[in-house]
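Okay, so here's the structure we're looking at.
Residue numbers (my numbering), protein chains in the order written: chain A, 67 to 276; chain B, 12 to 173.
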């Protein structure tokens, strides 16, 4: 969850890219790292296998000036998508303030998309949170390929909870849809942060030490 | 667990870390939470605190799972020993850890001796911060979002020479 440091006037938020294996999570971070303004980014670090499959996570710090008087740091992570790495996904998901679920639009990948989304729901629940309250957006990736499901079908399959979430079509390898997704999830995370820290659900005053 | 640290909390944390550096002759140290957020750091001249924090939290969490696999509950200290530089990670609580970086001129034993003491002091500060709650500074700080739709912007295209 968010961390506020009034000493250094910094806010830290964590966003995790989630989805089935080879759906394009790492590509999203690579493209962001390539295309974002230099003053906003740190190094992209990948803990990957020799075959370039994510083994633990990818990590990239981003900085934005979006909250007056504070430097806002976003810690961007990806999880390993392969089914066997579920424990690793749980560890990386700890304390996430927002999630991007990246789906692979290709027809043969539908079952993996559904399994991965169910796995996300379960892992969020295990850390005491819920997709009803945790900000997340969906990204339907690989739209440039031939054998892809229509957007409506992906919506039916993955965006069918009581409250529908923002979703974006993308071709991450070409950078299409990547920044739209990033900005949408960042905005949702910031909105939730503002609501939580200045909103209606204030804790009782007797617990406050000023 | 979300932390809100006031300048007073940060001062206390910083004093603890500074003392640890002096006592253990370590090069640098940092406190981070399980999400990989940097709570405070001292003495890190060249290393990125954000990256150290992300990797340290990941390693410590993975080691914790190994401990549970062995029925150990947790490994309270994790040591990675190199030829010239080493890293020691010590649990502050279930939610935070302290990472100490030291060179071969410092003694592993001394670092191992002082790190848990520093961790206990850090734990006290974080408990204090938790009791203060997430609105500890809200009377003096209002969070105002900028109007811009784009939180992040694309890099400016390189100027084409005329």
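For glycine and all other residues, C-beta sits at the position ideal for the given N, C-alpha and C.
Note that this is a predicted model, so its numbers are computed, not measured.
Asked	Found
Of all the CB atoms in chain A, is at least one closer than 8 Å to the CB of residue 30 (chain B)?	no
For residue 110 (chain B), which beta-bridge partners are listed by DSSP?	B:41, B:100
Which one of B:48, B:44, B:52, B:46 has the shortest CA to CA distance from residue 31 (chain B)?	B:52
Taking CB distances under 8 Å as the criterion, tell me whether residue 96 (chain B) reaches chain A.	no
Helix, strand or coil for residue 262 (chain A) per DSSP?	helix
Given a cut-off of 8 Å on the beta-carbon distance, is the pair residue 166 (chain A) and residue 145 (chain A) in contact?	no
Here's the rule: buried if 16 or more other CB atoms are within 10 angstroms of the residue's CB, otherwise exposed. What is residue 16 (chain B)?	buried
Tell me which same chain residues have a C-beta within less than 7 Å of the C-beta of residue 71 (chain B), skipping the five on either side of it?	89, 100, 108
Measure how close the beta-carbons of residue 244 (chain A) and residue 98 (chain A) come, nearest whole angstrom, since I'm counting them as under 8 Å.	6 Å
Report all residues from its chain with a CB closer than 6 Å to the CB of residue 74 (chain B); omit the five preceding and five following residues, and keep chain order.	86, 89
Considering only the alpha carbon of each residue, which of A:147, A:137, A:150 lies closest to residue 70 (chain A)?	A:137
Can you give me the C-alpha to C-alpha distance between residue 154 (chain B) and residue 255 (chain A), rounded to a whole angstrom?	13 Å
Straight-line CA distance for residue 171 (chain A) to residue 222 (chain A)?	13 Å
Check the Cβ-Cβ distances between residue 15 (chain B) and every residue of chain A, and say whether any is below 8 Å.	yes
Beta strand (DSSP E) containing residue 71 (chain A): first to last residue?	69 to 71
Give a yes or no on whether 8 Å exceeds the smallest Cβ distance from residue 81 (chain A) to chain B.	no
By DSSP, does residue 119 (chain A) sit in helix, in strand, or in coil?	coil
When the cut-off is 8 Å and only beta carbons count, does residue 162 (chain B) lie next to chain A?	yes
When you compare only the Cα positions, how much space is there between residue 151 (chain B) and residue 41 (chain B)?	Low confidence applies to residue 151 (chain B): its pLDDT is 49, below 50, so where it sits in the model is not reliable enough to give any reading.
Note down, one range per segment and in chain order, each alpha helix (DSSP H) of at least 4 residues found wholly within the segment 80 to 106 of chain A.	91 to 101
Could you tell me whether any Cβ in chain B is nearer than 8 Å to the Cβ of residue 237 (chain A)?	no
Select from the segment 78 to 112 of chain A all residues with a C-beta closer than 8 Å to any C-beta belonging to chain B, and list them in chain order.	78, 80, 98, 101, 102, 103, 104, 106, 108, 109, 111
How would you write the range of the alpha helix (DSSP H) that residue 157 (chain B) sits in, first residue to last?	Per DSSP, residue 157 (chain B) belongs to no alpha helix (DSSP H) and is neither H nor E.
List, in chain order, every chain B residue whose beta-carbon is nearer than 9 Å to that of residue 134 (chain A).	153, 154, 155, 156, 157
So, does the segment 130 to 145 of chain B touch the segment 225 to 241 of chain A, judging by three or more C-beta pairs under 8 Å?	no
Since residue 217 (chain A) and residue 202 (chain A) should fall inside the 8 Å C-beta cutoff, what is the C-beta to C-beta distance between them, to a whole number of angstroms?	Actually they do not touch by this definition, with Cβ atoms about 18 Å apart.
Residues bridged to residue 92 (chain B) by DSSP?	B:97
As a quick exercise: from A:153, A:264, A:132, pick the residue whose alpha carbon is nearest that of residue 80 (chain B).	A:153
So what's residue 112 (chain A) in DSSP terms, helix, strand or just coil?	strand
The beta strand (DSSP E) spanning residue 137 (chain A) covers which residue range?	136 to 144
Does chain D have any CB closer than 8 Å to the CB of residue 183 (chain A)?	Absence of chain D from the displayed structure is noted, the protein chains being A and B.
Let me check understanding here. Comparing Cα to Cα, which of A:208, A:193, A:235 lies closest to residue 45 (chain B)?	A:193
Do three or more CB pairs link the segment 57 to 69 of chain B to the segment 128 to 140 of chain B at distances below 8 Å?	no
In its own chain, which residues sit with a C-beta less than 8 Å from the C-beta of residue 262 (chain A), not counting the 5 before and 5 after it?	68
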